[in-house]
Structures are given as structure tokens and as C-alpha cells.
Amino acid sequence: MYLSLFLVALLAATVLPAQSEVLVVTAQRLGYNPWMIWLVASVGNTLGSVINYGLGRFLLQYRERRWFPFQGKSLDRGHWWFERYGKWSLLLAWAPFIGDTLTFIAGMMRLSFWQFLIIVFISKAGRYALLLGLLSFLGLSVPVPE
């Protein structure tokens, strides 16, 4: 389950369509350790964003190609956010639609990799902590077996 969660979380942070939240909820409901769920999903999702960062940093010269993952309005919107809020816009890296683009733009703008990694991890880990906390608050989690 943890390997599946890692891979789905990684893919969900790239341009490929995937929903890690469904697997997080499923793992929680099946009684898997919530701390491990949080860690595995956060690391996987952050590494997926590192892929976007690398695309922005090293493949920008191909942006006019049809196969290039970020196009037109998506790039413009992400660039606007990044120009306006700088590296702190990456706190929205968890958000649908804009998050992937922001991580790409960070690479394109040559943001320090370590700054990128720390801010994106905080964003991704915060989202999963909120999701798992909400499940627990609503009584939808299963106690961790001892």
C-alpha cells in the first residue's frame, strides 16, 4: 500500500492525471499508520514537484512544442503568481491546476533548489496533514493497531 501511495502521490504532482487523496483516505480507512501515510504521500508528492521543477529548469527551450506539458494561459497564470509573490507562491503547490504550473515556473526562474524543496514540502505535507486531521476529526479514521 505504501509503495502504491508513493507512486500515485508522485504522479499526482506531475502533469499526469492522478488523485492521491483517494488513496490517502483509503489507507487511513484501512487502518494504516497515519504518520506513515503522511510521510509517504508528502515525500512522493514533493518528488513529483521536483520533476516539474526539472522540466522548467532544463527543458524550457522546448516550450513551443505541442508535447510540452505547460501551455499558454496556464503558464501565464503561473508566471503572474510567481512574479507577484515570488518563492512564497509555492505555498500553493498543493492546489489543483495552479500548483503544478508554479513548480514548473520555479525551475524556469531558476529558484534555488533547496528553497524550492523546503517550501514545496511544507505545502504538500501541510495538505496531507490537513486531510488526515480532518478524517480524524470527522471520526472517519481507524485507530492504529498496537
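Numbering (mature numbering (1 follows the signal peptide of the UniProt record, and there is no 0)), first residue to last: -20 to -1, 1 to 126.
Built from N, CA and C at the ideal position, the CB exists for glycine as well.
Since we're looking at a predicted model, the values are computed, not measured.
Assuming residue i contacts residue j under a Cβ cut-off of 8 Å, what Cβ separation, rounded to an integer in Å, is found between them?
i, j, result
"LEU115", "VAL5", "7 Å"
"LEU55", "ILE99", "LEU55 to ILE99, Cβ: 20 Å. No contact."
"ALA(-9)", "GLY34", "Rounded, the Cβ-Cβ distance is 17 Å, inconsistent with contact."
For residue i, name the three-state secondary structure that DSSP assigns.
i, result
"TYR12", "coil"
"SER116", "helix"
"LEU39", "coil"
"ALA73", "coil"
"VAL(-6)", "coil"
"GLY92", "Here residue 92 turns out to be Ser, not Gly, going by the sequence shown. Coil, per DSSP."
So, at 7 Å on beta carbons, what are the nonlocal neighbours of residue i in its own chain, with the 5 sequence-adjacent residues on each side left out?
i, result
"LEU(-5)", "none"
"HIS59", "ILE85"
"GLY36", "PHE84, ILE85, ALA86, GLY87, MET88"
"ALA73", "SER29, GLY79, LEU82, THR83, VAL100, SER103, LYS104"
"TYR108", "VAL4, TRP18, ALA21, SER22"
Do you know offhand how far residue i's Cα is from residue j's?
i, j, result
"LEU97", "VAL30", "8 Å"
"residue 129", "GLY24", "This structure does not reach residue 129, given that the chain is present from -20 up to 126, and the question cannot be answered."
"ARG9", "THR26", "23 Å"
"ALA(-3)", "ILE78", "15 Å"
"VAL20", "TYR(-19)", "7 Å"
"LEU91", "LEU40", "14 Å"
"GLY113", "TYR12", "14 Å"
"SER69", "LYS53", "17 Å"
For residue i, which residues of its own chain have a beta-carbon under 8 Å away from its beta-carbon, when the five flanking residues on both sides are left out?
i, result
"LEU(-16)", "SER(-1), LEU3, VAL4, ALA7, ILE17, VAL20, ALA21, GLY24"
"LEU(-14)", "GLY24"
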